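S.K.: Protein chains in written order, with our numbering: chain A, 1 to 296; chain B, 1 to 296. One structure, pasted below without further comment.
There are 2 protein chains.
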Amino acid sequence: MAFDLKQAMADNADAVEAVLDELLAPGNGPEHRVMDAMRYSALGGGKRIRPFLVTACASLFSVDRRSALRAAAAVEMVHCYSLVHDDLPAMDDDDLRRGRPTCHIEYDEATAILAGDALLTKAFEVLAEPETHQDARVRSDLVLALAKASGHAGMVGGQMLDLVAEDHDLDMPEITRLQRMKTGELIAVSCDAGAILGKASEHARIQLHAYAHDIGLAFQIADDLLDVEGDEEAVGKKTGKDEAAGKATFVSLLGVERAREQAKMLSAQAQEHLESFGEAAEPLRHLAHFIVNRSS
Amino acid sequence: MAFDLKQAMADNADAVEAVLDELLAPGNGPEHRVMDAMRYSALGGGKRIRPFLVTACASLFSVDRRSALRAAAAVEMVHCYSLVHDDLPAMDDDDLRRGRPTCHIEYDEATAILAGDALLTKAFEVLAEPETHQDARVRSDLVLALAKASGHAGMVGGQMLDLVAEDHDLDMPEITRLQRMKTGELIAVSCDAGAILGKASEHARIQLHAYAHDIGLAFQIADDLLDVEGDEEAVGKKTGKDEAAGKATFVSLLGVERAREQAKMLSAQAQEHLESFGEAAEPLRHLAHFIVNRSS
């Protein structure tokens with residue numbers, strides 16, 4: 001029977017949702033507002049692509065499912081925190097996300113800042129807990145990889161670049177670097193987390209990293225295409241924003257057709273990096289295909 | 001010769017400053033703005049009380065100085081990130097900190113949000129790096145302790161409580177809980193980090209935790225007293241804010257005299273918890289005394 005990516009992603013999203021729901025247990029004290037906002041921002045939405053990458057890569061090395069899901073939940077917490085902070089008025093000033101009011105609209109700005117901070121912190125707490133992996137070296141390596149990918153030299157640096165770039169036009173090398181930092185590093189560390197959990201060989205880690213690098217860029221190009229061509233309701237957030245902001249994107253630099261070709265080329269290249277994993281990497285191949293053909 | 005706390009704190013602050021300067025190396029790319037803001041917020045200021053606690057507790061167990069200073073720098077990064085975010089317009093809206101413009105005034109709000117995020121992330125990166133300790137279990141335990149102390153059930157939760165409390169008057173149990181979360185947990189984890197690095201016995205950890213708990217509360221009461229009685233220039237930030245905001249504090253609940261007595265009682269009690277450490281704990285005893293007698 002052919003692999004059903006849609007079903008596999010839905011099943012994985014359900015499993016990650018359950019783990020997130022457990023890790024982000026509702027609070028009791030009068031400060032429960034911050035946990036409410038964390039749950040609002042992390043539960044009940046999203047395609048959960050990064051968690052899927054974590055578990056799909058982990059399964060290449062027969063990692064215990066519970067370990068993989070906890071690491072997946074941690075990566076997703078970092079992704080969700082970044083959305084909460086990016087949506088703030090001082091940043092991208094968005095009021096719609098996944099078809100719902102953004103965190104600072106539903107709560108308030110202060111709560112959204114704190115909820116983001118606490119989600120980021122919780123991600124590292126989860127990774128460092130013995131329940132995530134019995135080997136402390138694995139836990140420590142997970143923390144290190146996630147911190148590097150999401151900090152000043154990774155995701156946060158990418159967001160800073162994005163803000164700085166509003167003042168001048170980016171060329172292809174610049175925009176490629178920006179997107180690698182802003183979205184690519186977290187996608188790469190999703191794959192890396194699976195490999196770390198599985199104590200993968202250096203060769204396997206390099207292959208997965210190359211795969212992640214390619215799909216990360218393909219994902220971003222597809223995102224830019226959706227911003228131009230997508231249906232607002234299906235996408236779940238405002239479209240046409242990049243053009244309205246006069247922002248350089250892969251699409252504004254390459255045009256729609258060449259951007260689409262570029263995304264497809266990257267997707268094909270990503271799949272080549274999976275060769276040595278054989279049949280077991282089918283979910284990752286299907287994901288590479290899906291990423292450039294999605295409508296939301 | 002009597003122990004000179006002032007000199008010891010200054011020496012330690014210099015050593016921590018050097019490690020922070022090294023760990024927060026200036027960036028190159030156009031995104032260097034976020035590292036600039038991180039350095040602005042973490043370098044060149046503060047009494048560095050938390051780093052002093054880390055190194056003083058670590059030295060009880062003969063921890064390698066380099067390890068202790070790296071952990072101290074990580075704790076200080078978390079403290080500094082919390083100040084950057086707390087100062088934001090949506091939070092406490094402060095424009096003066098340590099006698100200088102706050103981060104969002106010197107840079108802008110978006111940069112301040114990102115710099116805080118990146119400082120928090122960097123703290124975990126530093127703790128997880130093998131250079132901090134050769135034993136991965138120690139590194140993982142440091143991450144876990146710092147995350148718990150600074151997240152939704154610790155420092156961030158305390159800040160949320162503080163914001164929620166603006167709507168109603170707090171009583172003593174409530175304000176004690178608020179302050180334990182908001183400032184006490186990070187002070188406690190400073191001591192705990194030294195004990196974790198030194199693979200201290202359960203008994204030693206409990207004693208240090210009790211010490212930290214007491215000085216944490218004493219520190220906060222002293223802070224409230226400074227807000228009422230302190231000299232703005234010496235304190236380095238606006239005073240009289242609590243009263244102006246109609247905010248319940250230890251001083252507003254107890255009055256100046258009883259608050260001062262309470263702080264001194266806590267300081268004495270803190271020192272009792274150090275009995276089993278003998279001579280080696282002299283710096284911690286002096287610190288307990290200093291905390292309630294400082295003028296800034």
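Backbone N, C-alpha and C fix where the C-beta goes; we use that ideal spot for every residue, glycine too. Quantities reported herein were computed from a predicted structural model and do not represent experimental measurements.
Could you check which residue in A:His213, A:Glu257 and A:Ser140 has the C-alpha nearest to that of B:Glu125?
M.R.: Ranking A:His213, A:Glu257 and A:Ser140 by Cα distance to B:Glu125 puts A:Ser140 first.
S.K.: Could you give the distance in angstroms between the alpha-carbon of B:His152 and the alpha-carbon of A:Pro26?
M.R.: One C-alpha to the other measures close to 11 Å.
S.K.: Count the other CB atoms within 10 Å of the CB of A:Ile196; is the residue buried (16 or more) or exposed (fewer)?
M.R.: buried
S.K.: Quick check on this structure: which residue in A:Met35, A:Gln207 and A:Asn293 has the alpha carbon closest to the alpha carbon of A:Glu275?
M.R.: A:Gln207
S.K.: Run through DSSP, which three-state label would A:Arg48 get?
M.R.: coil
S.K.: Curious, which full-length beta strand (DSSP E) runs of at least 3 residues does the region 40-128 of chain B contain?
M.R.: Every candidate beta strand (DSSP E) stretch fails here, since none sits fully inside the region 40-128 of chain B while reaching 3 residues.
S.K.: In its own chain, which residues sit with a C-beta less than 7 Å from the C-beta of A:Lys264, not counting the 5 before and 5 after it?
M.R.: Val292
S.K.: Considering only residues of the same chain and omitting the five flanking positions on each side of B:Ser150, which have a CB-CB separation below 8 Å?
M.R.: Val78, Ser82, Leu120, Val156, Glu185, Leu186 and Val189
S.K.: Tell me whether B:Val99 is buried or exposed, calling it buried when 16 or more other Cβ atoms sit within 10 Å of its Cβ.
M.R.: Note that residue 99 of chain B corresponds to Gly in the displayed sequence, not to Val. Flag for B:Gly99 reads exposed.
S.K.: Run the CB neighbour count on A:Asn12, radius 10 Å, all protein chains shown included, and call it buried at 16 or more, exposed below.
M.R.: Within 10 angstroms of the beta-carbon of A:Asn12 lie 16 or more other beta-carbons, which makes it buried.
S.K.: Report the three-state DSSP secondary structure of A:Gln179 (helix, strand or coil).
M.R.: helix
S.K.: Compile a chain-ordered list of the residues in the region 102-119 of chain B whose CB is closer than 9 Å to at least one CB of chain A.
M.R.: His104, Asp108, Glu109, Ala110, Thr111, Ala112, Ile113, Leu114, Ala115, Gly116, Asp117, Ala118 and Leu119
S.K.: Alpha helix (DSSP H) containing B:Glu166: first to last residue?
M.R.: Careful: B:Glu166 lies outside any alpha helix (DSSP H) and carries neither H nor E.
S.K.: When you compare the CB of A:Lys148 with every CB in chain B, is at least one pair closer than 9 Å?
M.R.: yes
S.K.: Pick out whichever of B:Leu60, B:Gly216, B:Asp242 and B:Glu31 has its Cα sitting closest to the Cα of A:Gly158.
M.R.: Of B:Leu60, B:Gly216, B:Asp242 and B:Glu31, the residue nearest in Cα terms is B:Glu31.
S.K.: For the putative contact between A:Glu17 and A:Leu43, defined by C-beta atoms under 8 Å, what is the C-beta separation to the nearest angstrom?
M.R.: 6 Å
S.K.: Ordered along the chain, which non-local residues of its own chain (more than five positions away) have a Cβ less than 6 Å from that of B:Leu217?
M.R.: Leu266
S.K.: Could you spell out the range, first to last residue, of the alpha helix (DSSP H) harbouring B:Arg139?
M.R.: Ala136 to Ser150
S.K.: Between the region 25-46 of chain A and chain B, which residues of the former have CB atoms less than 8 Å from a CB of the latter, in chain order?
M.R.: Flagged, chain order: Gly27, Gly29, Pro30, Glu31, Arg33, Val34, Met35 and Met38.
S.K.: Taking a cut of 7 Å between CB atoms, which residues from the region 149-182 of chain A lie near chain B?
M.R.: For the region 149-182 of chain A, which is checked against every Cβ of chain B, the residues closer than 7 Å are Ser150, Gly151, His152, Val156, Gly157, Gln159, Met160, Leu161, Leu163 and Val164.
S.K.: Going by beta carbon distance, what residues of the same chain come within less than 8 Å of A:Ala280, once the five residues before and after it are set aside?
M.R.: Ser59 and Leu60
S.K.: Name the residue from A:Glu109, A:Met38 and A:Ser62 whose alpha carbon lies nearest to the alpha carbon of A:Glu76.
M.R.: A:Met38
S.K.: What residues from chain A crowd round B:Arg205, counting only those whose CB sits closer than 8 Å?
M.R.: The premise fails here: B:Arg205 is roughly 17 Å from chain A at the closest Cβ pair, so nothing lies under 8 Å.
S.K.: Any C-beta of chain B sitting closer than 9 Å to the C-beta of A:Thr121?
M.R.: So yes, A:Thr121 belongs to the interface.
S.K.: List, in order along the chain, the chain B residues whose C-beta lies closer than 7 Å to that of A:Glu129?
M.R.: Leu144
S.K.: Does any residue of chain B bring its CB to less than 9 Å from the CB of A:Asp135?
M.R.: yes
S.K.: Return helix, strand or coil for B:Ser296, following the three-state DSSP convention.
M.R.: coil
S.K.: Please report how far the alpha carbon of A:Arg304 lies from the alpha carbon of A:Gly240, in whole angstroms.
M.R.: Only positions 1 to 296 of chain A appear in this structure, which leaves residue 304 of chain A out of reach.
S.K.: Between the region 76-88 of chain B and chain A, which residues of the former have CB atoms less than 7 Å from a CB of the latter, in chain order?
M.R.: Only those residues of the region 76-88 of chain B whose C-beta falls short of 7 Å from the nearest C-beta of chain A are listed: His85 and Leu88.
S.K.: Comparing the C-beta of A:Met91 with each C-beta of chain B, is any distance below 9 Å?
M.R.: yes
S.K.: So which residues of chain B does A:Glu125 contact, with C-beta pairs closer than 7 Å?
M.R.: Leu144, Ala147, Lys148 and Gly151
S.K.: Given a cut-off of 9 Å on the beta-carbon distance, is the pair A:Val143 and A:Ala112 in contact?
M.R.: no
S.K.: For B:Gly116 and B:Lys148, what's the separation of their Cα atoms in angstroms?
M.R.: 18 Å
S.K.: Whose CA, out of B:Ala73, B:Arg65 and B:Ala56, lies closest to the CA of B:Glu22?
M.R.: Per the C-alpha coordinates, the member of B:Ala73, B:Arg65 and B:Ala56 positioned closest to B:Glu22 is B:Ala73.
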